[in-house]
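For the sequence shown, the numbering used here gives the first residue as 4, with consecutive numbering after it. Input: a single structure, listed below in structure tokens.
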Amino acid sequence: MSDDALVTIEDMQVHFPIKRGILLDRTVGYVYAVDGVDLRIRRGETYGLVGESGCGKTTLGRALLRLVEPTGGRAVFDGTDLATLTGEQLRTMRRRMQMVFQDPLSSLDPRQTVESLLVEGMRAHGLDNGKDATHRRLKELLAAVGLPASALRRYPHEFSGGQRQRIGIARALAVQPDLIVADEPVSALDVSVQAQVINLLEELQDEFGLTYLVIAHDLAVVRHISDRIGVMYLGSLVEEAGSDELYEQPLHPYTRALLSAIPVPDPVVEDSREQILLAGDLPSPAAPPSGCRFHTRCPWKQETRCATERPVLREIGAGHRVACHHAEDILAGRITRHEVEPELVHPDALPT
Ligand SMILES: Nc1ncnc2c1ncn2[C@@H]1O[C@H](COP(=O)(O)OP(=O)(O)O)[C@@H](O)[C@H]1O
Ligand SMILES: [Mg+2]
């Protein structure tokens with residue numbers, strides 16, 4: 004397996020202080036949004052990051068681009084520790100890492116034409132080389148994302164959701180990045196349009212040699228586009244594997260529950276497949292459970308280390324990592340699934 008990592012994230016942590024008091028000068032606790040993530044993204048690959056809303060996916064993406072300062076750990080991009088960069092160096096490096104957002108309408112300034120939206124980033128990085136060359140480049144960009152040149156003079160609200168996402172993608176491409184962090188790029192789109200945008204992202208990857216971090220709360224969305232997938236739960240990775248491997252042989256109880264929630268079109272398969280309903284809600288990242296953070300909802304929880312010792316992400320097969328004390332036992336059927344009573348969290352347990 005190639006070890007040619009474009010991105011290396013080591014023990015990344017982002018803890019947001021919870022402030023109280025009239026002057027907001029008292030820290031009463033922390034939101035452990037990202038709490039110890041290790042992952043590598045190889046050049047040219049697509050890494051899918053999935054997990055329920057609030058598990059820290061966006062914060063991890065933002066910390067990687069240093070749009071939010073990590074409280075611990077580090078991110079290395081193409082051999083450079085991003086924490087060592089300041090001012091101009093950081094700005095230069097940022098050109099190489101672009102973000103595409105979930106809601107194109109809120110991320111595109113409504114008063115700017117498509118032309119000015121696209122030129123903005125190019126200008127900021129000195130890529131607008133004269134009027135004619137810039138205009139040619141803009142037309143190329145629009146063609147690449149499947150929009151007509153006439154789109155240049157129009158405004159974001161004149162486009163459909165799918166077209167707006169194409170504009171958002173063109174905007175990221177305009178500065179010739181190496182990495183695109185696509186944060187829920189199709190979550191706001193109709194199902195029929197989702198596949199078109201996913202296909203476009205795949206085509207552009209081949210054409211421009213891009214590396215992707217694709218974030219989604221839905222495993223079905225990332226399956227086909229991703230080479231590898233990481234599953235996040237309450238601020239850390241619980242499982243990581245090649246895309247097919249993860250679907251065919253999910254090992255972490257949380258991954259199995261997520262997969263069982265994806266409907267299967269075939270009614271016979273649908274009726275016979277394993278359904279794992281998770282008890283209770285996602286715990287607050289301000290008061291994460293002890294031990295394995297998933298133990299409060301885990302149908303395979305044992306009266307052993309689950310509530311006391313935090314499992315590390317360990318390699319269990321080639322390129323397959325899982326953070327579960329009992330992964331082997333579950334796989335071999337040595338322990339069976341049981342009902343989980345939703346645990347009531349006493350209000351005093353949460354910071355006020
Ligand atoms: N700037 C911030 N300040 C305080 N808490 C934040 C901030 N950004 C995100 N959070 C919290 O961090 C947790 C993870 O959020 P986020 O990264 O947006 O999750 P996801 O993208 O997986 O839905 C959530 O509890 C969220 O409320
Ligand atoms: Mg998010």
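Just so you know, even glycine gets a beta-carbon here, dropped at the ideal spot from N, CA and C. As the structure is a prediction and not an experimental result, all values here were calculated from the model.
Sorted by chain position, which residues of the same chain lie with C-beta nearer than 8 Å to S163's C-beta, five sequence neighbours on each side aside?
Position 160 of the sequence shown holds residue 163. If we look at S163 and ignore the five residues flanking it on each side, its Cβ neighbours are V196.
Is it buried or exposed for E243, if we count other Cβ within 10 angstroms and need 16 for buried?
Start at 1 with the first residue of the sequence shown, and residue 243 comes out as number 240. Under this definition E243 is a buried residue.
Quick check: the segment 67-87 against the segment 13-30, are there 3 or more CB pairs under 8 Å?
yes
Write down every uninterrupted run of the alpha helix (DSSP H) in the segment 164-221 whose length is 4 residues or greater and which is fully enclosed by it, in chain order.
164-176, 194-211
Suppose the cutoff is 7 Å on Cβ atoms and the five residues either side in sequence are ignored; what does the same chain contact list for S5 look like?
By one-based count along the sequence shown, residue 5 stands at place 2. Low confidence applies to S5: its pLDDT is 47, below 50, so where it sits in the model is not reliable, and the reading given next is rough at best. Hits under 7 Å: R45.
Taking only the alpha-carbon atoms, compute the straight-line gap between A78 and L63 and give it to the nearest angstrom.
Residue numbering aside, residue 78 sits at position 75 when the sequence shown is read from its first letter. Residue numbering aside, residue 63 sits at position 60 when the sequence shown is read from its first letter. The alpha-carbon atoms of A78 and L63 are separated by roughly 10 Å.
Determine the contact status of Y50 and G238, defining contact as a CB-CB distance below 8 Å.
Residue mapping note: residue 50 aligns to position 47 of the sequence shown, counting from 1. Residue mapping note: residue 238 aligns to position 235 of the sequence shown, counting from 1. Not in contact: Y50 and G238 (Cβ atoms no closer than 8 Å).
Kindly identify the DSSP beta-bridge partner or partners of S239.
As a position in the sequence shown, residue 239 is number 236, starting the count at 1. Paired residues: Y236.
Are the beta-carbon atoms belonging to V53 and L182 less than 8 Å from one another?
As a working note, residue 53 is residue 50 in the sequence shown. As a working note, residue 182 is residue 179 in the sequence shown. No.
Identify which residue in T83, F297, P292, S110 has its Cα closest to the Cα of L261.
Position 258 of the sequence shown, counted from the start, is the residue given in the question as residue 261. The residue with the shortest Cα to Cα distance from L261 is F297.
Which one of L108, L121, L67 has the shortest CA to CA distance from M96?
Stepping through the sequence shown from its first residue, residue 96 is reached at position 93. Closest option to M96, Cα to Cα, is L67.
What does a CB cutoff of less than 7 Å around R337 pick up in its chain, not counting 5 residues either side in sequence?
In the sequence shown, residue 337 corresponds to position 334, counting from 1. Hits under 7 Å: none found.
Mapping the DSSP letters down to three states, classify R94 as helix, strand or coil.
As a working mapping, residue 94 is identified with position 91 in the sequence shown. The answer is helix: DSSP assigns R94 an H, G or I state.
How big is the Cα-Cα spacing for E248 and K134?
One-based indexing of the sequence shown puts residue 248 at position 245. One-based indexing of the sequence shown puts residue 134 at position 131. Spanning the two alpha carbons is a distance of roughly 49 Å.
Measuring CA to CA, which of D28, L27, E48 is closest to D7?
Position 4 of the sequence shown, counted from the first residue, corresponds to residue 7. The shortest C-alpha separation from D7 is found at E48.
If I follow the unbroken beta strand (DSSP E) through Y50, where does it start and stop?
The count along the sequence shown starts at 1 and reaches residue 50 at position 47. That run of the beta strand (DSSP E) goes 49-53.
With which residues is A8 paired in a DSSP beta bridge?
Translated into the one-based positions of the sequence shown, residue 8 becomes position 5. R45, per the DSSP bridge assignment.
Alpha carbon to alpha carbon, what distance is there between Q179 and H128?
Here residue 128 refers to the residue found at position 125 when the sequence shown is read from its first residue. Here residue 179 refers to the residue found at position 176 when the sequence shown is read from its first residue. Taking the straight line joining both Cα atoms gives about 10 Å.
By Cβ distance below 6 Å, which residues in the same chain neighbour Q101 in space, the five residues on each side in sequence not counted?
The sequence position of residue 101 within the sequence shown is 98, counting from 1. Here the set comprises A175, P180, I183.
For I319, report the span of its beta strand (DSSP E) as first-last.
For the purposes of this step, residue 319 is identified with residue 316 of the sequence shown, where counting begins at 1. 317-320 is the extent of the beta strand (DSSP E) around I319.
How do the segment 221-228 and the segment 21-32 stand: do at least 3 beta-carbon pairs fall below 8 Å, yes or no?
no
Residues around ligand 1, please: the ones whose beta-carbon is closer than 5 Å to some heavy atom of it, in chain order.
F19, V34, A36, S56, G57, C58, G59, K60, T61, T62, P288
Is it right to say T355 is buried, meaning 16 or more other beta carbons lie within 10 angstroms of its own, or is it exposed?
As a working mapping, residue 355 is identified with position 352 in the sequence shown. Confidence in T355 is poor, its pLDDT being 49 and thus under 50, which makes the residue's placement unreliable; the coordinate value appears in the next sentence. Exposed, since its Cβ has fewer than 16 Cβ neighbours within 10 Å.
Rounded to whole angstroms, what is the Cα-Cα separation between E331 and R324?
Walking along the sequence shown from the start, residue 331 turns up at place 328. Walking along the sequence shown from the start, residue 324 turns up at place 321. Cα-Cα distance, rounded: 12 Å.
Can you tell me whether DSSP reads P113 as helix, strand or coil?
Start at 1 with the first residue of the sequence shown, and residue 113 comes out as number 110. The answer is coil: DSSP assigns P113 none of H, G, I, E or B.
Under 8 Å, do P302 and R340 count as touching if we go by C-beta distance?
As a working mapping, residue 302 is identified with position 299 in the sequence shown. As a working mapping, residue 340 is identified with position 337 in the sequence shown. Contact: yes.
Going by DSSP, what residue range makes up the alpha helix (DSSP H) through R300?
Here the question's residue 300 lines up with position 297 in the sequence shown. Taken as a continuous stretch (DSSP letters only), R300 belongs to no alpha helix (DSSP H), as it is neither H nor E.
Can you name, in chain order, every residue of its own chain whose Cβ lies under 8 Å from the Cβ of D186, other than the five neighbours on each side?
Along the sequence shown, read from residue 1 onward, the residue named residue 186 stands at position 183. The answer, listed in chain order, is K60, T61, G64, M102, V103, F104, Q105, I218.
Since A335 is in the beta strand (DSSP E), which residue starts that stretch and which ends it?
On the sequence shown, position 332 is the one that residue 335 refers to. Here A335 belongs to no beta strand (DSSP E), and DSSP marks it neither H nor E.
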